[in-house]
Amino acid sequence: MTANLNGMTLPSWASHVEDKLAPMPLLLVQAFVDTLDRDLGTDKLAHPDEARAWLADAGLRVPDPDQPDPGFADDLRLAREARAGIQALIGRTTEPEPLTPDDLAPLEQVLGRAQPRLEIGVDGRVRLGPYLPARTLADGLLGLLLIIRDAQADGSWDRLKLCGNPDCRWAFYDRSHSRRGAWCEMASCGNRVKNRNLRARRAAVPA
Ligand SMILES: [Zn+2]
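Residue numbers for the sequence shown follow this note's numbering, beginning at 110 and rising by one.
This is the structure in structure tokens:
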């Protein structure tokens, strides 16, 4: 997979992300946050079977088939809460408010449960793992946090934003030269907010 997805087939775990795609591997962070679609009212992590399948497909939780799979309910809760925490992290790229303890708590749980380790690749590079796919959800989510860390280091993180429509909050990758993109999709979200503001202004004008 190259960093440029133009003209390429999307991985199956990202097939629900149609527009303004982040480069790999940041696309995985975007696709994870966008499993919740407020606009359509859908959530790929709502139902255990669908959530288990999506997390496995994305390499975030691929249990050893030779080992009994421990309960999924606790993992499902952590996945949803960590998604909200990572969404809050993305929000900080454009909004100045500091993260709250509620934002950070699920991510700290991930850090407490995961087992980070240094790994030496065949290319001689020393890297922090685990790499994806991961056996446990905590290791998979730590893999996401490491992708975020790398994106923060190379500057691509600042282009990953949340849609400015408070009813949407879709994570999108701003490829605009000015880096001032504010909407996941101008035709729908941006216009919807503009029309709402226009109506509010008209309503505020005394007759
Ligand atoms: Zn939007």
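Note that the Cβ used here is the ideal one computed from N, Cα and C, for glycine as well. Please read all numbers here as calculations on a predicted model, not as lab measurements.
Within its chain, find whatever has a CB closer than 6 Å to the CB of residue i; leave out the 5 residues flanking it on each side and keep chain order.
| i | result |
| --- | --- |
| residue 224 | none |
| residue 248 | 223, 239 |
| residue 242 | 168, 171 |
| residue 178 | 172 |
Could you give the C-beta distance for residue i and residue j, rounded to a whole number, given that I count them as a contact under 8 Å?
| i | j | result |
| --- | --- | --- |
| residue 199 | residue 141 | That belief does not hold up - the Cβ atoms of residue 199 and residue 141 are roughly 11 Å apart, past 8 Å. |
| residue 215 | residue 191 | 5 Å |
| residue 255 | residue 237 | 6 Å |
| residue 268 | residue 283 | 5 Å |
| residue 197 | residue 175 | The pair is not a contact, with the Cβ atoms about 37 Å apart (cut-off 8 Å). |
Measure the alpha-carbon distance for residue i versus residue j and round it to whole angstroms.
| i | j | result |
| --- | --- | --- |
| residue 144 | residue 153 | 5 Å |
| residue 277 | residue 270 | 12 Å |
| residue 246 | residue 309 | 45 Å |
| residue 299 | residue 232 | 45 Å |
| residue 148 | residue 272 | 11 Å |
| residue 286 | residue 139 | 20 Å |
| residue 250 | residue 274 | 27 Å |
| residue 124 | residue 205 | 31 Å |
| residue 151 | residue 235 | 40 Å |
| residue 244 | residue 158 | 17 Å |
| residue 119 | residue 259 | 22 Å |
| residue 305 | residue 296 | 14 Å |
| residue 163 | residue 257 | 20 Å |
What residues in its chain sit with their C-beta under 7 Å from that of residue i, if we drop five residues either side in the sequence?
| i | result |
| --- | --- |
| residue 265 | 132, 135 |
| residue 160 | 153, 154, 185, 188 |
| residue 209 | none |
| residue 294 | 128 |
Grab me the residues of residue i's own chain with a C-beta within less than 8 Å of its C-beta, minus the 5 sequence neighbours each way, in chain order.
| i | result |
| --- | --- |
| residue 112 | Confidence at residue 112 is low in this model, with a pLDDT of 37, below 50, so its placement is unreliable and the value that follows should be read with caution. Excluding sequence neighbours, residue 112 sits near 132, 133. |
| residue 180 | none |
| residue 263 | none |
Step through the CB atoms of chain B and report whether any lies within less than 8 Å of the CB of residue i.
| i | result |
| --- | --- |
| residue 254 | The displayed structure is made up of one protein chain only, and chain B is not part of it. |
To test your reading of the DSSP string, which unbroken alpha helix (DSSP H) runs of 4 or more residues are found completely within the segment 198-281? The qualifying runs are 210-222, 246-263.
Three Cβ pairs or more, each shorter than 8 Å: is that satisfied between the segment 286-299 and the segment 125-138? Yes, the segment 286-299 is in contact with the segment 125-138.
Tell me, please, whether the segment 197-212 touches the segment 225-232 by the rule of three or more beta-carbon pairs shorter than 8 Å. No, because fewer than three Cβ pairs between the segment 197-212 and the segment 225-232 fall closer than 8 Å, the two stretches do not touch.
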